[in-house]
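No gaps in the numbering here: position 125 of the sequence shown is 125 in the UniProt record's numbering, and each next residue is one more.
This report refers to the structure that appears directly beneath it.
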Amino acid sequence: MESSPPHPKKQKLPPQSTTRHDASPAKKRKRDHSQAVEAAASSPAAPLAGTGPGKDSARNQQEAQHETEASPSADDGMAKLDKAKAKKRRKEENPPSFAFDTRGFKGGRTIQIKDIRDFVLHLLSEEKAQQWLYNKRNVQRVVALMIPGITSSTLGIPQPPTSANLPFALSPPATPSQLPIFQTLFSHACPTKAPGDKYKLHSCYQHFINCSLTGGEKDRREKARKEQGQSRKTADPSMYLMTPEQMAEQAYPLPTRSSSDPLKTSLKGWKRDDGWVEAPYQAPLQQGQIPQVLGIDCEMCLTEDGSELTRVSVVDMQGKSVYDSLVKPDKPILDYLTRFSGLDQEKLSNVTKRLEDVQRDLSELISYNTILIGHSLECDLRVLKLVHSFIIDTSVIYQHPRGPPFKASLKWLAQKWLKREIQNNTSTTPASIVPPAPTSIAPSKDALAALPASTGTDPSAPTAPLIGGHDSAEDALTCVDLLKLKMAKGPGFGEFQNDQETIFERLGRGTDKKRCAVVDHGTPGQWHGAKADSAIGCTNDDQVVEGVERSVEDHDLIVARFMDLSHALGCEHCELLSPPSEAKYLSAFVTSFDPGSQPSNAALGKSSATLPGINVVPSTTIQDASSRSPSSASLDEVYAQLNVQLAKLHASLPPLTALVIFTGHNSPLEMSRLAAKKAKFDRLWKTIKQSEIADKDRWMEADDRALLDEVERCRTGLSFYCVK
1 MESSPPHPKK
11 QKLPPQSTTR
21 HDASPAKKRK
31 RDHSQAVEAA
41 ASSPAAPLAG
51 TGPGKDSARN
61 QQEAQHETEA
71 SPSADDGMAK
81 LDKAKAKKRR
91 KEENPPSFAF
101 DTRGFKGGRT
111 IQIKDIRDFV
121 LHLLSEEKAQ
131 QWLYNKRNVQ
141 RVVALMIPGI
151 TSSTLGIPQP
161 PTSANLPFAL
171 SPPATPSQLP
181 IFQTLFSHAC
191 PTKAPGDKYK
201 LHSCYQHFIN
211 CSLTGGEKDR
221 REKARKEQGQ
231 SRKTADPSMY
241 LMTPEQMAEQ
251 AYPLPTRSSS
261 DPLKTSLKGW
271 KRDDGWVEAP
281 YQAPLQQGQI
291 PQVLGIDCEM
301 CLTEDGSELT
311 RVSVVDMQGK
321 SVYDSLVKPD
331 KPILDYLTRF
341 SGLDQEKLSN
351 VTKRLEDVQR
361 DLSELISYNT
371 ILIGHSLECD
381 LRVLKLVHSF
391 IIDTSVIYQH
401 PRGPPFKASL
411 KWLAQKWLKR
421 EIQNNTSTTP
431 ASIVPPAPTS
441 IAPSKDALAA
451 LPASTGTDPS
461 APTAPLIGGH
471 DSAEDALTCV
481 DLLKLKMAKG
491 PGFGEFQNDQ
501 ETIFERLGRG
511 TDKKRCAVVD
521 HGTPGQWHGA
531 KADSAIGCTN
541 DDQVVEGVER
551 SVEDHDLIVA
561 RFMDLSHALG
571 CEHCELLSPP
581 SEAKYLSAFV
591 TSFDPGSQPS
601 NAALGKSSAT
611 LPGINVVPST
621 TIQDASSRSP
631 SSASLDEVYA
641 QLNVQLAKLH
651 ASLPPLTALV
661 IFTGHNSPLE
671 MSRLAAKKAK
681 FDRLWKTIKQ
691 SEIADKDRWM
701 EADDRALLDE
711 VERCRTGLSF
721 YCVK
């Protein structure tokens with residue numbers, strides 16, 4: 001990969017020793033941040049060195065001297081060929097280096113997260129070069145590392161203003177640096193700006209991983225959409241079944257055998273040795289036979305063993321409730337999750353039915369060829385301990401407006417496509433009767449008349465008034481109606497045009513495909529790393545370092561994230577990293593009119609699965625930030641450990657590896673506090689009288705200005721670049 005001849009206006013800093021291949025900063029540099037700004041202002045064409053400053057200038061002078069001394073005649077083709085080969089050889093022998101070009105910062109331009117991503121793409125492909133940082137000659141691989149929690153004060157340098165955009169020197173620090181490894185590896189820090197709007201910060205990590213489609217790929221996808229839209233509408237629900245790969249990706253409990261296996265299962269009946277149940281194999285339906293479709297939804301509580309079943313509802317395609325029962329958990333209940341399930345101690349006090357009884361009942365309703373439909377049904381199947389081969393997931397067949405890995409809540413899908421309000425139940429209607437909610441495909445009158453009326457004699461029958469939250473019978477019916485609407489409108493209905501792809505998909509296309517790996521906390525293989533060649537889940541930063549060491553030799557791009565510092569600072573609640581106590585109920589936090597940013601339950605670490613070519617390590621639940629506060633002693637230990645981890649990671653990198661570190665954003669603690677206060681006030685404003693709102697909960701004009709300032713400050717971050 002050869003760089004183009006330098007621009008005649010470019011000026012390089014004096015050449016330095018090349019013994020450390022750009023990893024060491026300029027030891028004699030004494031300009032501080034203000035001097036760097038003044039120098040750039042006086043000489044806008046002069047570049048600021050990032051690492052290995054000035055080497056290109058010396059190299060170009062040597063090349064020019066060689067050309068002058070051995071200038072062949074115009075007709076001497078052999079001499080020209082020899083000169084070109086010699087020039088290419090000299091370039092290949094010299095190590096790559098980075099240097100900032102201040103012309104890329106003209107007009108007050110600030111480097112954004114997408115610019116860092118595009119620079120990484122440029123290093124590994126033929127993407128357009130970035131004007132603010134060059135060059136990529138001989139870079140063989142890239143390690144991109146996000147470390148939230150690092151600020152200017154952490155590095156012992158003055159906090160630059162939010163308007164600062166020019167790179168500034170890291171040494172010497174004004175105060176002792178808590179991370180001296182940065183002064184060892186990098187000469188400069190570059191201010192960056194995180195994505196967001198005036199009231200909130202967007203995910204820096206997702207913004208780095210996702211990029212816009214190229215023109216050619218956009219045309220290809222548009223052609224595919226048109227072809228799909230022209231496909232005939234069908235009444236066969238089997239065309240919406242999840243593939244085995246999708247089930248694995250969404251962390252569904254996988255059946256003992258695939259549906260394409262011609263051999264009969266060795267299971268005896270339904271019961272498996274591990275306590276789970278699975279329908280015995282039956283011969284496939286004949287062509288033209290319509291399979292049985294059942295909508296299913298469960299309510300859960302939190303026990304000593306985690307989530308356990310408290311209610312299960314099953315609805316058929318005619319909208320008829322075919323099964324609805326309360327269930328007594330096996331373990332003591334810690335939290336009834338009443339705000340979600342509508343169930344409390346009184347509702348479950350006389351219930352005697354256990355999970356094993358429910359499994360036996362369902363075995364009489366469900367056969368091997370039955371199709372089960374639900375919303376993020378993997379959670380329901382896990383609490384039922386039920387494995388099934390034929391699944392339709394409404395969170396898959398209906399897209400989130402922002403595209404994968406996000407999933408729209410069932411509440412939003414019902415409102416958007418069925419014009420129906422759900423999950424706000426406060427009525428006293430018996431839950432065993434499915435109400436004829438307004439819908440474009442409402443069940444027929446005959447079907448509604450056939451619904452069984454509750455007698456109240458069975459303590460397992462959910463006949464008591466709901467307190468609020470979800471109604472599993474209502475949710476099951478909503479899933480059935482969404483499927484019927486999809487079948488009526490065609491495969492393309494309910495999908496949004498998504499003109500984005502991951503950085504891994506971009507690098508995996510074309511003739512020179514690049515291998516990519518993700519090393520992150522949690523289960524990245526089921527979320528942002530699903531499109532990478534490899535994904536390694538970790539529970540701490542030491543494991544992240546080990547994962548990078550394992551991946552760096554046989555991957556071209558490794559994207560990793562250190563989170564221990566962010567956790568120690570109490571900032572993990574600003575990035576969705578760990579699952580809440582009930583991932584199934586996450587949709588309750590999504591507003592009625594906005595599908596929100598709900599990732600898949602699998603992405604939240606609800607469970608793990610091994611995908612083809614992907615190594616997924618289960619994550620552990622991270623302690624809630626609100627329940628602890630960092631101490632100076634613990635922070636000192638975290639900083640010391642981070643120094644060791646970065647030194648170890650850098651030492652493990654092969655030569656000619658580019659290391660890019662970015663912080664993403666500044667400390668979000670104060671911004672999060674103000675945003676929570678504003679959200680509470682907005683909620684109180686809609687639910688109670690203004691005079692009843694306490695003074696401490698009121699949102700004043702000063703609060704609004706403070707939030708705007710905090711968001712702007714929080715969006716400032718730093719990035720660092722070097723080549724080993």
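In this text, a Cβ means the ideal position worked out from N, Cα and C, and glycines have one as well.
All values reported here derive from a predicted model rather than from experimental measurement.
Legend entry - Host beta strand (DSSP E) of A560 (start-end): Residue 560 sits at position 560 when you count from the first residue of the sequence shown. That run of the beta strand (DSSP E) goes 557–561.
Legend entry - Residues near G156 in its chain [Cβ-Cβ closer than 8 Å; skip 5 each side]: Mapped onto the sequence shown, residue 156 falls at position 156. The answer, listed in chain order, is P173, A174, T175, P176, S177, Q178.
Legend entry - Other residues of its chain near F390: CB distance less than 6 Å, five sequence neighbours each side excluded: Residue mapping note: residue 390 aligns to position 390 of the sequence shown, counting from 1. The residues are L241, I371.
Inset, instruction - Entirely within the segment 191–253 and at least 3 residues each: give me those beta strand (DSSP E) ranges in chain order. - result: 210–212
Legend entry - Within 9 Å, strictly: CB atoms of residue 726 and N138: Any property of residue 726 remains undetermined from this structure, which presents the chain solely from 1 to 724.
Inset, instruction - Take the Cβ of N424 as the centre, count every other Cβ of all protein chains shown within 10 Å, and call the residue buried at 16 or more, exposed below. - result: As a working note, residue 424 is residue 424 in the sequence shown. That one is exposed.
Legend entry - the segment 326–345 in contact with the segment 303–315 per 3-pair CB rule at 8 Å: The segment 326–345, when compared against the segment 303–315, does touch it at the 8 Å Cβ threshold.
Legend entry - Secondary structure of R311, DSSP reduced to three states: Your numbering for residue 311 matches position 311 in the sequence shown. Strand.
Legend entry - Among L124, A706, Q250, the one whose alpha carbon lies nearest that of K407: Here residue 407 refers to the residue found at position 407 of the sequence shown. Of L124, A706, Q250, the residue nearest in Cα terms is Q250.
Inset, instruction - May I ask you to report which of helix, strand or coil DSSP gives R317? - result: Position 317 of the sequence shown holds residue 317. Sequence check: residue 317 is Met here, not Arg. Coil.
Inset, instruction - Report the rounded CA-to-CA distance for N540 versus F662, giving the unit in angstroms. - result: For the purposes of this step, residue 540 is taken as residue 540 along the sequence shown, with counting starting at 1. For the purposes of this step, residue 662 is taken as residue 662 along the sequence shown, with counting starting at 1. If you take the alpha carbons of N540 and F662, they lie about 18 Å apart.
Inset, instruction - Taking the CB atoms as reference points, tell me whether I558 and R141 lie closer together than 9 Å. - result: Within the sequence shown, residue 558 is the residue found at index 558, counting from 1. Within the sequence shown, residue 141 is the residue found at index 141, counting from 1. Yes, these two residues count as a Cβ contact at 9 Å.
Legend entry - CA-to-CA distance, C211 to R103, given in whole angstroms: Against the sequence shown, residue 103 aligns to sequence position 103. Against the sequence shown, residue 211 aligns to sequence position 211. Distance between the alpha carbons of R103 and C211: 24 Å.
Inset, instruction - Tell me where the alpha helix (DSSP H) around E712 begins and ends. - result: In the sequence shown, counting from the first residue as 1, residue 712 sits at position 712. It spans 701–714 - the alpha helix (DSSP H) in which E712 sits, taken as one unbroken run.
Legend entry - Extent of the continuous beta strand (DSSP E) to which E299 belongs: Mapped onto the sequence shown, residue 299 falls at position 299. Residues 293–303.
Legend entry - Inter-residue Cα distance where the pair is T265 and V711: Numbered from its first residue, the sequence shown carries residue 265 at position 265. Numbered from its first residue, the sequence shown carries residue 711 at position 711. Caution applies to T265, whose pLDDT of 41 falls short of 50 and renders its modelled position unreliable; the model cannot decide the point.
Inset, instruction - Would you mind reading off the limits of the beta strand (DSSP E) that contains R141? - result: Here residue 141 refers to the residue found at position 141 when the sequence shown is read from its first residue. Note, R141: beta strand (DSSP E), 141–146.
Inset, instruction - Can you check DSSP and say which residues form a bridge with S325? - result: Along the sequence shown, one-based indexing puts residue 325 at 325. Paired residue(s): V312.
Inset, instruction - Using a threshold of 9 Å, state whether the C-beta atoms of A488 and V315 are closer than that. - result: On the sequence shown, residue 488 is found 488 positions in, with the first residue counted as 1. On the sequence shown, residue 315 is found 315 positions in, with the first residue counted as 1. In this structure, V315 does not lie closer than 9 Å to A488 by Cβ.
Inset, instruction - Whole angstroms is fine: what's the gap from N60's alpha carbon to K678's? - result: Taking the first residue of the sequence shown as position 1, residue 60 is located at position 60. Taking the first residue of the sequence shown as position 1, residue 678 is located at position 678. Because N60 carries a pLDDT of 46, less than 50, the predicted location of this residue cannot be relied on, and the following value inherits that uncertainty. Each residue's alpha carbon lies about 58 Å from the other.
Legend entry - First through last residue of the beta strand (DSSP E) which encompasses A535: Taking the sequence shown and counting its residues from 1, the one referred to as residue 535 is at position 535. Counting along the chain, the beta strand (DSSP E) containing A535 begins and ends at 534–538.
Legend entry - Nearest to K648 (by Cα), restricted to the options F168, S163, L185: Counted from its first residue, the sequence shown places residue 648 at position 648. Comparing Cα positions, the closest option is L185.
Legend entry - Contacting residues, own chain, Cβ-Cβ under 8 Å from P255 (five flanking each side not counted): Here residue 255 refers to the residue found at position 255 when the sequence shown is read from its first residue. Here the set comprises E278, V387, H388, S389.
Inset, instruction - May I ask whether a heavy atom of the ligand HEM can be found less than 8 Å away from the beta carbon of T162? - result: Only the bare structure without any ligand can be found here, which leaves the ligand HEM out of the picture.
Inset, instruction - Kindly indicate which three-state DSSP category Q500 falls into: helix, strand or coil? - result: To locate residue 500, count along the sequence shown from 1; it is residue 500. For Q500, the secondary structure class from DSSP, reduced to helix, strand or coil, is strand.
Legend entry - Helix, strand or coil at F493 [DSSP, three-state]: On the sequence shown, residue 493 is found 493 positions in, with the first residue counted as 1. Here F493 sits in coil by DSSP.
Inset, instruction - Could you check which residue in L348, G216, D82, E637 has the C-alpha nearest to that of G510? - result: Indexing the sequence shown from 1 puts residue 510 at position 510. Ranking the options by Cα distance to G510, first place goes to G216.
Inset, instruction - Return the residue from the list G306, Q292, G342 that minimises the CA-CA distance to V322. - result: Stepping through the sequence shown from its first residue, residue 322 is reached at position 322. That would be Q292, whose Cα lies nearest to the Cα of V322.
Inset, instruction - Grab me the residues of F504's own chain with a C-beta within less than 6 Å of its C-beta, minus the 5 sequence neighbours each way, in chain order. - result: Taking the sequence shown and counting its residues from 1, the one referred to as residue 504 is at position 504. Counting only Cβ-Cβ distances below 6 Å, and skipping sequence neighbours, we find C516, K531, A532.
Inset, instruction - Determine which residues share a DSSP beta bridge with S719 and list them. - result: Counted from its first residue, the sequence shown places residue 719 at position 719. Its beta-bridge partners are C190, F662.
Legend entry - E670 versus T110: straight-line alpha-carbon distance, rounded: By one-based count along the sequence shown, residue 670 stands at place 670. By one-based count along the sequence shown, residue 110 stands at place 110. Spanning the two alpha carbons is a distance of roughly 23 Å.
Legend entry - Minimum C-alpha distance to E222 - residue among G492, C479, E701: What you label residue 222 is simply residue 222 of the sequence shown in a count that begins at 1. Ranking the options by Cα distance to E222, first place goes to G492.
Inset, instruction - Return the CA-CA distance between A144 and F119, expressed in angstroms with no decimal places. - result: Reading the sequence shown from its first residue, position 144 is the one you call residue 144. Reading the sequence shown from its first residue, position 119 is the one you call residue 119. Cα to Cα, the separation comes out at about 11 Å.
Inset, instruction - Determine the direct distance from the alpha carbon of Q645 to that of residue 739, and round the result to whole angstroms. - result: This structure leaves residue 739 out entirely; the chain is present only between 1 and 724.
Legend entry - Reference T214; option with closest CA among S153, E126, M146: Locating residue 214 in the sequence shown gives position 214, counting from the first residue. Relative to T214, the option among S153, E126, M146 whose CA is nearest is E126.
Legend entry - Cβ pair Q359, K385 closer than 9 Å: Sequence index remark: in the sequence shown, residue 359 carries index 359 (1-based). Sequence index remark: in the sequence shown, residue 385 carries index 385 (1-based). In this structure, K385 lies closer than 9 Å to Q359 by Cβ.
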